[in-house]
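Protein chains in written order, with full-length UniProt numbering: chain A, 1 to 229; chain B, 1 to 229. What follows is a set of notes on a single structure, which appears directly below.
Protein chains: 2
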Amino acid sequence: MKEKQDAPDNNILYRHCMPEWRATVDANRQLLVVKKGQPVFSEQDVVKGVFFIRWGKVKIHQRWGNEKELIIRFAKNGDMIGYRGLGKGKVYPVSATALEDTGLMYLDIPFFEATLQVNPRLTYALMDFYANELEATEKRVRNMAHMEVKGRIAEAILMLKDNFGVNDEGYIDIRLTRQDMASFVGTTYETISRTIGELEAEKLIRTSDKRFALLKEKQLAKLAESNVK
Amino acid sequence: MKEKQDAPDNNILYRHCMPEWRATVDANRQLLVVKKGQPVFSEQDVVKGVFFIRWGKVKIHQRWGNEKELIIRFAKNGDMIGYRGLGKGKVYPVSATALEDTGLMYLDIPFFEATLQVNPRLTYALMDFYANELEATEKRVRNMAHMEVKGRIAEAILMLKDNFGVNDEGYIDIRLTRQDMASFVGTTYETISRTIGELEAEKLIRTSDKRFALLKEKQLAKLAESNVK
DNA sequence: TCAAAATTATGATATAAATCATACTTTTGC
DNA sequence: GCAAAAGTATGATTTATATCATAATTTTGA
Chain A
1 MKEKQDAPDN NILYRHCMPE WRATVDANRQ LLVVKKGQPV FSEQDVVKGV FFIRWGKVKI
61 HQRWGNEKEL IIRFAKNGDM IGYRGLGKGK VYPVSATALE DTGLMYLDIP FFEATLQVNP
121 RLTYALMDFY ANELEATEKR VRNMAHMEVK GRIAEAILML KDNFGVNDEG YIDIRLTRQD
181 MASFVGTTYE TISRTIGELE AEKLIRTSDK RFALLKEKQL AKLAESNVK
Chain B
1 MKEKQDAPDN NILYRHCMPE WRATVDANRQ LLVVKKGQPV FSEQDVVKGV FFIRWGKVKI
61 HQRWGNEKEL IIRFAKNGDM IGYRGLGKGK VYPVSATALE DTGLMYLDIP FFEATLQVNP
121 RLTYALMDFY ANELEATEKR VRNMAHMEVK GRIAEAILML KDNFGVNDEG YIDIRLTRQD
181 MASFVGTTYE TISRTIGELE AEKLIRTSDK RFALLKEKQL AKLAESNVK
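Structural data, given as structure tokens:
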């Protein structure tokens, strides 16, 4: 039921899979569940396979020294994680941690790369995916360089909405601590706390239970556009 | 002669091209020269083709408002610029400007995508290229978030060295104004001026004629690693 | 279920870097 | 070759945000 809603097998691999190959994938995949707060993989782990999220949510992040962390991106059902091109790097440069209980499917690298070999359409789709991710990440660099924290927070909230959608009460469908928000925006949790407070006082957003709801999306978007250093 | 040194046709396309297709590429390509300071293409231009640099150097950059600029990356002979996945976006999200007189070859999008269709190995190589670029750009986001300006400058200089190499006198083979350096690092030209001055006073680098030379590469690398906000 | 741990809000203070300002130097284009 | 434009160095001032500190609230797990 849950799985039905989440369309657990609607990922880039199955979407570009020839029907006759699908059974082979099914025979080679492993399913697993990772509990909230537990790692899917960690920085410096040897890369042995690739994961597709079936349900749940994961953060992809990187530590710096002991305290500083940066969240690279969030991933949800349908997303692929842990693949970064040919075997070049043998260890993950990032960690993946479940934000809630998460179901995944796993394919080992040899099988996945064999699949790429026999399926140019999949390779093409992956190329397009990475090209688009690259563009989004370049935009993030630009935002980091030229936007103030408040604008970056506004942008982050809008991005979360696009990415995760909203539930019946209007709340964006992901729960995030202030610290996770800070690690995503590139600031401290104190600054997040204060600035979220401001945005609430200005009636642009509402928050509850670690969730955000947009009250004035247009104004928030305007803030994100005009908030230049 | 110049062209010989620069290996103008050593790009990802030719490297993954079947011999029998190469002549077709040659027949479809256009060669052009862009003068220093002139645009190869500009933000919002309609995307009609893709460029490969044969010799010279180009910056890929993005304006913000009127004054702020961010340099996304630098490109040199062999690099492909202007392609960002399938036709999705019909306009360039970035500009490309020649940093010195630059020779390019141009292929129109229909021909280039036809080439991708008949050549899965090229698609595969492109996918790998974007995946690696993505990883490098994610590192830049992290640096922006967690490193101070001085460390980011150190990192930028080391990156330039890897990318462009050094000449006989030990200078990195690219000339950059303080403003371009600032736009790349994500700071102001005044801060670049001051900080470069510091690095010189500390005898970590030398500069001349808009070029940098490394004096103590290890110390500079250590600075880049430890310089956390 | 309750104590410990994690998270959040909010104030006070410190600081890196932006901004403003000026003089000097180098490059460009006619 | 020279005047105008672009680029550079350096000082003074301001400001956004990090850091430090404390108390209140929520979550977790034994």
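Glycine included, every Cβ here is placed at the ideal spot set by N, Cα and C.
In DSSP terms, what residue i is bridged to
| i | result |
| --- | --- |
| Met-147(A) | Val-228(A) |
| Lys-68(B) | Trp-64(B) |
| Leu-199(B) | According to DSSP, Leu-199(B) bridges with nothing at all. |
| Ala-98(B) | Val-58(B) |
| Arg-206(B) | Ala-213(B) |
| Val-91(B) | Val-46(B) |
| Lys-76(A) | Lys-57(A) |
| Val-166(B) | Ile-172(B) |
| Ile-81(A) | Phe-51(A) |
CA nearest to the CA of residue i, picked from the options
| i | options | result |
| --- | --- | --- |
| Glu-133(A) | Ile-53(A), Arg-73(A), Gln-117(A) and Ser-208(A) | Arg-73(A) |
| Arg-211(B) | Ile-192(B), Ile-196(B) and Leu-176(B) | Leu-176(B) |
| Ser-208(A) | Glu-225(A), Trp-55(A) and Asp-173(A) | Asp-173(A) |
| Val-185(B) | Glu-198(B), Phe-164(B), Asp-162(B) and Ile-157(B) | Ile-157(B) |
| Ala-96(A) | Asp-162(A), Ile-81(A), Met-181(A) and Gly-87(A) | Ile-81(A) |
| Ala-98(B) | Asp-180(B), Glu-135(B) and Gln-38(B) | Gln-38(B) |
| Lys-35(A) | Ser-42(A), Val-58(A), Arg-29(A) and Thr-123(A) | Val-58(A) |
| Phe-111(B) | Ile-71(B), Glu-225(B), Leu-13(B) and Glu-198(B) | Leu-13(B) |
| Lys-139(A) | Asn-28(A), Glu-225(A), Phe-41(A) and Arg-15(A) | Glu-225(A) |
| Gln-44(B) | Lys-90(B), Arg-178(B) and Asp-180(B) | Lys-90(B) |
| Asp-162(B) | Leu-214(B), Ala-114(B) and Thr-187(B) | Leu-214(B) |
| Ile-141(A) | Glu-113(B), Gly-165(B) and Ser-183(B) | Before going on, a small fix: residue 141(A) reads as Val here, not Ile. Comparing Cα positions, the closest option is Ser-183(B). |
| Lys-216(A) | Asn-227(A), Leu-199(A) and Val-228(A) | Leu-199(A) |
| Val-47(A) | Gly-85(A), Asp-79(A), Arg-15(A) and Cys-17(A) | Gly-85(A) |
| Thr-24(B) | Leu-70(B), Ala-114(B) and Pro-93(B) | Ala-114(B) |
| Phe-178(B) | Glu-69(B), Gly-170(B) and Thr-188(B) | This sequence places Arg at residue 178(B); Phe is not what is there. Measuring from the Cα of Arg-178(B), the nearest candidate turns out to be Thr-188(B). |
| Tyr-83(A) | Tyr-171(A), Glu-69(A), Thr-123(A) and Gly-151(A) | Thr-123(A) |
| Asn-227(B) | Val-166(B), Pro-19(B), Leu-31(B) and Arg-152(B) | Arg-152(B) |
| Phe-41(B) | Pro-93(B), Asp-6(B), Glu-202(B) and Leu-31(B) | Pro-93(B) |
| Phe-164(B) | Asp-79(B), Cys-17(B) and Arg-194(B) | Asp-79(B) |
For residue j and residue i, believed in contact at Cβ under 8 angstroms, the rounded distance
| i | j | result |
| --- | --- | --- |
| Gly-49(B) | Asp-9(B) | In fact, because the Cβ distance is near 17 angstroms, the residues do not count as touching under 8 angstroms. |
| Leu-223(B) | Ile-205(B) | At roughly 11 angstroms, the Cβ-Cβ gap does not stay under 8 angstroms, so Leu-223(B) and Ile-205(B) are not in contact. |
| Glu-155(B) | Asn-143(B) | 6 angstroms |
| Asp-180(B) | Ile-71(B) | 6 angstroms |
| Thr-191(A) | Thr-137(B) | Not a contact, Cβ separation roughly 24 angstroms. |
| message | Check whether the stretch 120-138 of chain B and the stretch 123-133 of chain A are in contact - that is, three or more C-beta pairs closer than 8 angstroms. | response | yes
| query | For the stretch 100-127 of chain A, which segments carrying the alpha helix (DSSP H) assignment without a break, of at least 4 residues, lie completely within its bounds, in sequence order? | reply | 109-118
| task | Kindly confirm or deny that the stretch 117-124 of chain B and the stretch 64-83 of chain B touch, where touching means at least three C-beta pairs closer than 8 angstroms. | result | no
| field | beta strand (DSSP E) segments (min. 3 residues) lying fully within the stretch 16-54 of chain A | value | 30-34 and 39-41
| Do the stretch 50-60 of chain B and the stretch 93-108 of chain B meet, that is, are 3 or more Cβ pairs less than 8 angstroms apart? | yes
| Looking at C-beta atoms only, is the number of pairs between the stretch 56-68 of chain A and the stretch 132-151 of chain B that lie closer than 8 angstroms three or more? | yes
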